[in-house]
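Novice:
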Amino acid sequence: MTSDITEWFVIGLDDTSDNTDEESQTTQDLLMTMSTQLSEDGWGLFEGLTVHPLFGSNKIQSGSSNSCYAVKLWTTRSALDLEDELVLQIRSTASSNSDPGLAMLSRHSDMPHILAFGRRTQTELMRSDWAQTFSTEANVTMRSLGVKRNGCIGALAACGLRAGGDELARFRTIPGLEDMRGHHRAGDIRDKTQLQHLLNADDEEIDMDDTIDLGDGLPALKPHLESHEPVIRLHQDPSNRRLWIPDPIFFR
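Residues in the sequence shown are numbered from 960 upward in steps of one, following our numbering.
(1) So M1063 packs on I1148, CB below 8 Å; how close in whole Å?
(2) With DSSP collapsed to three states, give me the class of M1063.
(3) Say whether the segment 1127-1136 touches the segment 1165-1181, bearing in mind that this needs 3 or more beta-carbon pairs closer than 8 Å, one atom from each stretch.
(4) Is it right to say P1182 is buried, meaning 16 or more other beta carbons lie within 10 angstroms of its own, or is it exposed?
(5) Tell me, please, whether the segment 1098-1109 touches the segment 1054-1068 by the rule of three or more beta-carbon pairs shorter than 8 Å.
(6) Shortest alpha-carbon distance to H1143 belongs to which of W1203, T1095, R1108?
(7) Assign G1001 to one of two classes, buried (16 or more other C-beta atoms within 10 Å of its C-beta) or exposed (fewer than that).
(8) Can L997 and E1044 be called in contact, C-beta distance under 9 Å?
(9) Since W1089 is in the alpha helix (DSSP H), which residue starts that stretch and which ends it?
(10) Between A1117 and A1038, is the Cβ-Cβ spacing less than 9 Å?
(11) Are W1089 and I1112 touching if we call contact CB-CB under 9 Å?
(12) Just mark L1004 as buried or exposed, buried being the case when its beta carbon has 16 or more other beta carbons within 10 Å.
(13) Near T961, what residues of its chain come up, given a Cβ to Cβ distance below 6 Å and the 5 sequence neighbours on each side ignored?
(14) Note down, one range per segment and in chain order, each alpha helix (DSSP H) of at least 4 residues found wholly within the segment 1103-1151.
(15) With distances taken Cα to Cα, identify the nearest neighbour of K1031 among Q1091, L1120, D1058.
(16) Starting from E966, trace the beta strand (DSSP E) both ways and give me its first and last residue.
(17) How should G1022 be labelled, buried or exposed, when 16 other C-beta atoms within 10 angstroms of its C-beta is the threshold for buried?
(18) Is the beta carbon of G1135 less than 9 Å from the beta carbon of L1154?
(19) Give every residue of the same chain whose Cβ lies closer than 6 Å to the Cβ of T1009, excluding the five residues on either side of it in the sequence, and list them in chain order.
(20) Am I right that L1084 and S1016 are in contact with their C-beta atoms under 8 Å? What's the rounded C-beta distance?
(21) Figure out for me which residue from F1014, N1025, R1036 has the closest Cα to the Cα of Q1081.
(22) Could you tell me whether the Cβ atoms of A1114 and L989 are closer together than 9 Å?
(23) I'd like the span of the alpha helix (DSSP H) that includes D1069, first residue to last.
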């Protein structure tokens, strides 16, 4: 039955905040809130939120701090239902002076085509009409909800970079990991969170009974996106070979 078919969508979002207003909710916070609300309302299972750095320029409002955001959702709901709900939430919560863009990529999309677009946004300024062309060619749902219609650029880039793999991506949220800090067994982390890959320098999984020092946890700890999943690489504490500490790059 079609009602039993689970579909996945990568949802990209950008430019929902007013960067001139310190009280404006950031795009990251808005996407986190939307994901939580949709999950509580039974829309499906969300994977963690990722941030993807884009090309910075004084020609854009965010200047050199230019980023976009994405989450992945597994759901039995239709693309049209999801699009309608997301648009409704964005319009009701985004800053009135913002220029929101939304994109939704599915397994029916031409992911490599959108990944190419996303990688270009990390090295050059792209245009909204180019984003429209790419989204149409790749069968990606895209909505420009602001006056300038530029938010769609980052939203589309976020979809491609999350779905295709972005070595610069960092996870800001991972279900189950948000409240974990300090020392935990590797096995407990894998059992209780979506963080499954805790690797040593040889890319081998840390033993389930060894201890992981998560420090202050998220968001200070920033797992990377590799092969579509969150990953942390660790090294042994010099005084305790059963204690593993995340490599410094996972705190930057």
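Cβ coordinates follow ideal geometry from the N, Cα and C atoms, glycine included.
Specialist: In short, the structure shows the following:
(1) Going by Cβ atoms, the distance from M1063 to I1148 rounds to 30 Å, so no, they are not a contact pair.
(2) The DSSP-derived three-state label of M1063 is strand.
(3) yes
(4) buried
(5) yes
(6) W1203
(7) exposed
(8) yes
(9) 1087-1097 is the extent of the alpha helix (DSSP H) around W1089.
(10) No, the Cβ-Cβ distance between A1117 and A1038 is not below 9 Å.
(11) Here W1089 is near I1112, since their CB atoms are less than 9 Å apart.
(12) exposed
(13) Note that T961 has pLDDT 42, beneath the 50 cutoff, so the model's placement of it is unreliable and the number below is only indicative. Same-chain partners within the cutoff: there are none.
(14) 1110-1123, 1145-1151
(15) L1120
(16) 966-973
(17) At G1022 the pLDDT is 49, less than 50, meaning the model places this residue with poor confidence and gives no usable figure here.
(18) yes
(19) A1029, R1121, A1128, F1130, L1184
(20) 6 Å
(21) The shortest Cα separation from Q1081 among F1014, N1025, R1036 belongs to F1014.
(22) Contact flag unset, no.
(23) It is not in any alpha helix (DSSP H) - D1069 carries neither H nor E in the DSSP assignment.
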